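*Asks:* Residue numbers (this note's numbering): 154 to 291.
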Amino acid sequence: MGPGMMGPGMMGPGMMGPGMMWGPYAGMNLTDDQHAKIAATQDDLSKKHWDLMGQMQDERFKLQQLYSAPTRDNAAINEAYKRLSSLQRLMHDSMLDARKRTEAVLTPEQRNEMRPGVAPRLGMLVICAPNRRMAGQK
154 MGPGMMGPGM
164 MGPGMMGPGM
174 MWGPYAGMNL
184 TDDQHAKIAA
194 TQDDLSKKHW
204 DLMGQMQDER
214 FKLQQLYSAP
224 TRDNAAINEA
234 YKRLSSLQRL
244 MHDSMLDARK
254 RTEAVLTPEQ
264 RNEMRPGVAP
274 RLGMLVICAP
284 NRRMAGQK
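#1: Scan the region 234-273 and note each continuous alpha helix (DSSP H) run of 4 residues or more that stays entirely inside, going in chain order.
#2: On a Cα-Cα basis, can you pick out the residue from R236, E212, S238, H202 that is closest to S247?
#3: Decide if T184 is buried, meaning its Cβ has at least 16 other Cβ atoms within 10 Å, or exposed.
#4: Among K215, R264, D186, R254, which one has its Cα closest to the Cα of A233?
#5: Tell me which residues share the same chain as L278 and place their Cβ nearer than 8 Å to its Cβ, disregarding the 5 neighbours each side in the sequence.
Rendered as structure tokens:
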């Protein structure tokens, strides 16, 4: 088995391990209050996204039914697609809001430690690590 596959405690480099839920904030010396606020933001975002994903699934089903109809109703298909797009936009907006709320909890120094340009995945605030310059990067 190679690195990142299995290892002590079945966690290797690149896999999940201690502090796995605090990926972008690992090593940033967050206070208990910061941890609590970030966790609350994560929880709120997850709940919003689960609700939106359910609604999106319903709209996808309706859209599939419209596409499968013996006679396609382009106006109805367009309306269904607009509803789906609107839900996707709400999901995106809620992710941006969660990112903003999370960054507001951090000190300027802590925000600078995060990798620039790396945004959280939908429903997750855990994908980037403290800033580490790559070789040759200025």
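Glycine included, each C-beta is placed from N, C-alpha and C at the ideal position. Just so we're clear, the structure is a prediction, and the values are computed from it rather than from any experiment.
*Replies:* The answer reads as follows:
#1: 261-266
#2: Locating residue 247 in the sequence shown gives position 94, counting from the first residue. Measuring from the Cα of S247, the nearest candidate turns out to be H202.
#3: Here the question's residue 184 lines up with position 31 in the sequence shown. By the 10 Å Cβ count, T184 comes out exposed.
#4: The residue you call residue 233 lines up with position 80 of the sequence shown. Ranking K215, R264, D186, R254 by Cα distance to A233 puts K215 first.
#5: Residue numbering aside, residue 278 sits at position 125 when the sequence shown is read from its first letter. Bear in mind that the predicted position of L278 carries a pLDDT of just 42, short of 50, making it unreliable; the figure below should be weighed with that in mind. So the list reads P177, I191, T194, Q195, L198, A251, R252, T255, once near-sequence residues are dropped.
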